[in-house]
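Quick note: the sequence shown uses the UniProt record's numbering, first residue 1, plus one each step.
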Amino acid sequence: MMMLDGFLSCRAIQPRLPHSIHEDGWKLEIQHLPVVKLELGANLDADKMIEGSDVYLDCMVRANPWHSHVYFTHNGAIIKPGPGVVLANQSLVLQRMSRKATGGYVCVARNSLGEGYSDPLVLEVKYPPTCKSHQATIIRAARGEVVHIMCEIDANSMEPMTYQWWFNSSTQTKLELNAFSTNSQNNLGRYLYTVNTSSDYGWVQCTGTNSVGRQNTPCLFHILPAEKPSSVKNCEITNMTYNSLTLGCSRGHDGGMKQSFLLQVYDISTGILLRNITSEEPQFIVWGLSGSTAVGISVRAFNKKGLSEPFTLTSNLLTHPQRHTANVPVRVSISAVIFCWKYCNKDDKNDKTNRKQDEISNIPLTGTNECESVDSLDKNPDIIPIERLAAS
Numbered sequence: 001m002m003m004l005d006g007f008l009s010c011r012a013i014q015p016r017l018p019h020s021i022h023e024d025g026w027k028l029e030i031q032h033l034p035v036v037k038l039e040l041g042a043n044l045d046a047d048k049m050i051e052g053s054d055v056y057l058d059c060m061v062r063a064n065p066w067h068s069h070v071y072f073t074h075n076g077a078i079i080k081p082g083p084g085v086v087l088a089n090q091s092l093v094l095q096r097m098s099r100k101a102t103g104g105y106v107c108v109a110r111n112s113l114g115e116g117y118s119d120p121l122v123l124e125v126k127y128p129p130t131c132k133s134h135q136a137t138i139i140r141a142a143r144g145e146v147v148h149i150m151c152e153i154d155a156n157s158m159e160p161m162t163y164q165w166w167f168n169s170s171t172q173t174k175l176e177l178n179a180f181s182t183n184s185q186n187n188l189g190r191y192l193y194t195v196n197t198s199s200d201y202g203w204v205q206c207t208g209t210n211s212v213g214r215q216n217t218p219c220l221f222h223i224l225p226a227e228k229p230s231s232v233k234n235c236e237i238t239n240m241t242y243n244s245l246t247l248g249c250s251r252g253h254d255g256g257m258k259q260s261f262l263l264q265v266y267d268i269s270t271g272i273l274l275r276n277i278t279s280e281e282p283q284f285i286v287w288g289l290s291g292s293t294a295v296g297i298s299v300r301a302f303n304k305k306g307l308s309e310p311f312t313l314t315s316n317l318l319t320h321p322q323r324h325t326a327n328v329p330v331r332v333s334i335s336a337v338i339f340c341w342k343y344c345n346k347d348d349k350n351d352k353t354n355r356k357q358d359e360i361s362n363i364p365l366t367g368t369n370e371c372e373s374v375d376s377l378d379k380n381p382d383i384i385p386i387e388r389l390a391a392s
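In C-alpha cells form, the structure reads like this:
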C-alpha cells in the first residue's frame, strides 16, 4: 500500500562552503478514505476452488482517520454471518462452499471521510456436472425415425466436458452406446438415436464428466412410439342453413401425441376451396357458404407426425328463402279505388235526382263525393266483400 504520511523537507547545500547546509520541512499527516485490498487466504489457489471445500479471504486496510467498520459484498449484496459464513475481524470464511458461492467479492472499509473499496476478487467454484432437468424428457418417435437428443448439463462453462450415453429397456439390460461427445461451449451434448424396431423404445441416458468428477445422476430420455393420428369417426351435420353448417365428429387414436383437426369445405360444382379451419376439437361451425348449393367436406386429424386419412362427405345446402312482396294488399287497394269510383258515380246520379227533395227538406248532404258509404258497408276498409264487388 502507498505510504501517505511522512516528513516533507527542502534542503540547500553549497559544496564549497563547509557547514552551509540549510534545511526546512513539515511533518505531514494526510487524511484520506480507506485504501483496501482483498486477498485469498494463505496456501489457497483460486483455480482450485472445489465445491464442498473451505475458503477464507483477508481484507487489509490503511486509513486516516482509522477505519471504524469493515464489511464484505458478494456480487453487490452485503454478506451477513450465517450457516457456512463466518465474519471474524477483517476476514471472511466460507465453509463447505456450494456452486452458488461463485462470483465477485469486495471488501469495504469505512472511516469518518467515507468508504473505500477493494478491487473485486473473483472466485469460480468448480463442481461435477449435474443434469439441468430433474425430470425425464419424453420423446415420441416413429419407426425409422432419427431422434436428435440434447443432453443439457449444469457445470462450469469453461471446463471441457465428456459425455457418455446408455440405453436400456424392458427387454434389454443397460447397453453403452457407441457415442462419446465433447463440447466445451454451452455444456450441451448431442446424440442421434435411430428407432428401427419396437425394441429400440426405452430409456436413453447421458452423463457428463469434467476435471472435478463424473455426474452422479444421469439425464433421462424416454423414447416412446409415435405415429400419425387415425381418421376421425362418425362425422355428422347437426344444423344447416343456406349459408352455414354445423358439423361434429368423434376422435380417433391420437398417435401418441397431441392432435388437432382440420376442416376443408369445397364447392362441388367449381372445386373452389371455400373454408379452411383448424380446431383443437373435432367440432366446427362454418359460415359464409352463400352462393354454393352443394359442398364437399373433408375432416382430418393431424399431429407433429403428419395428417390422418380424410373423412369425407357431401351435402346440399338449403335454398335461399324467397322474399314475398305484399301482392294481396295492393290488389285490395286497387279494388277499393275501383269500387269507390263506381259507387260514388252512382251516388252522384242519385244525388242529382233527389237534390230538389234534399233542398226542400233542408237536410244538408256532406261528403257525397267521398267513399263514406264504403265505411258504412264495411268497417274494415282493407277487406272488400266479393259479392258487392261483383254487383258493382
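Glycine included, C-beta positions come from ideal geometry on N, C-alpha and C.
All figures in this text were calculated on a predicted structure; none of them were measured in a lab.
Rounded separation between residue i and residue j - CA only
{"i": "V36", "j": "L121", "result": "12 Å"}
{"i": "T171", "j": "C206", "result": "20 Å"}
{"i": "K48", "j": "K126", "result": "8 Å"}
{"i": "I79", "j": "T73", "result": "5 Å"}
{"i": "Q95", "j": "G104", "result": "17 Å"}
{"i": "G296", "j": "I223", "result": "40 Å"}
{"i": "E115", "j": "L92", "result": "18 Å"}
{"i": "A109", "j": "A63", "result": "9 Å"}
{"i": "Y242", "j": "I285", "result": "14 Å"}
{"i": "M257", "j": "M150", "result": "20 Å"}
{"i": "L289", "j": "S198", "result": "47 Å"}
{"i": "K305", "j": "P128", "result": "38 Å"}
{"i": "C344", "j": "S292", "result": "Its pLDDT being 46, under 50, C344 is placed unreliably in this model, and the value from its coordinates should be taken loosely. Going by the C-alpha atoms only, they are around 55 Å apart."}
{"i": "L17", "j": "D24", "result": "19 Å"}
{"i": "D58", "j": "H67", "result": "16 Å"}
{"i": "L87", "j": "H32", "result": "26 Å"}
{"i": "H43", "j": "V55", "result": "A quick correction: the sequence has Asn, not His, at residue 43. Cα to Cα, N43 sits roughly 10 Å from V55."}
{"i": "H320", "j": "A136", "result": "58 Å"}
{"i": "W203", "j": "S308", "result": "28 Å"}
Endpoints, the beta strand (DSSP E) within which residue i is located
{"i": "L245", "result": "L245 to S250"}
{"i": "Q283", "result": "Q283 to V286"}
{"i": "G41", "result": "Looking at the DSSP string, G41 is not in any beta strand (DSSP E), and its letter there is neither H nor E."}
{"i": "L262", "result": "S260 to D267"}
{"i": "E236", "result": "K233 to M240"}
{"i": "A301", "result": "A294 to N303"}
{"i": "G25", "result": "H22 to L28"}
{"i": "I13", "result": "Per DSSP, I13 belongs to no beta strand (DSSP E) and is neither H nor E."}
{"i": "H19", "result": "No beta strand (DSSP E) contains H19, which DSSP labels as neither H nor E."}
{"i": "R214", "result": "First-last for R214: undefined, no H or E at that position."}
{"i": "H222", "result": "C219 to P225"}
Same chain, Cβ closer than 8 Å to residue i, five either side skipped, listed in chain order
{"i": "C249", "result": "V232, K233, N234, C235, E236, F261, P282, Q283, V299 and F311"}
{"i": "T130", "result": "I153, D154, A155, Q215, N216 and T217"}
{"i": "H69", "result": "A109 and R110"}
Cutoff 8 Å: residue i Cβ touching any chain D Cβ
{"i": "V195", "result": "Absent from the structure: chain D. Only one protein chain is present."}
Burial state of residue i, where buried means 16 or more other Cβ atoms lie within 10 Å
{"i": "F221", "result": "buried"}
{"i": "V146", "result": "exposed"}
{"i": "G82", "result": "exposed"}
{"i": "A12", "result": "exposed"}
{"i": "H134", "result": "exposed"}
{"i": "W165", "result": "buried"}
{"i": "A46", "result": "exposed"}
{"i": "K174", "result": "exposed"}
{"i": "T314", "result": "exposed"}
{"i": "A301", "result": "buried"}
Own chain residues within Cβ distance below 6 Å of residue i, not counting five before or after
{"i": "A294", "result": "I268 and N316"}
{"i": "I139", "result": "V147, F221 and I223"}
{"i": "residue 434", "result": "Only positions 1 to 392 of the chain appear in this structure, which leaves residue 434 out of reach."}
{"i": "C219", "result": "C131, C151 and C206"}
{"i": "T246", "result": "T238, N239 and I285"}
Beta-carbon proximity list for residue i, same chain, < 7 Å, skipping 5 on both sides
{"i": "G255", "result": "A226, E227, K228, P229, N303 and K305"}
{"i": "N75", "result": "G103 and G104"}
Could you tell me which uninterrupted beta strand (DSSP E) segments, each at least 3 residues in length, are contained entirely in the UniProt domain "Ig-like" (34-124), listed from first to last along the chain?
Whole beta strand (DSSP E) segments, 3+ residues: 55-64, 69-74, 85-88, 91-94, 103-111, 114-117 and 121-123.
Taking only runs that begin and end inside the UniProt domain "Ig-like" (129-211), name each unbroken beta strand (DSSP E) of 3 or more residues, in chain order.
Qualifying beta strand (DSSP E) stretches, in chain order: 137-141, 146-154, 162-168, 175-182, 188-194 and 202-209.
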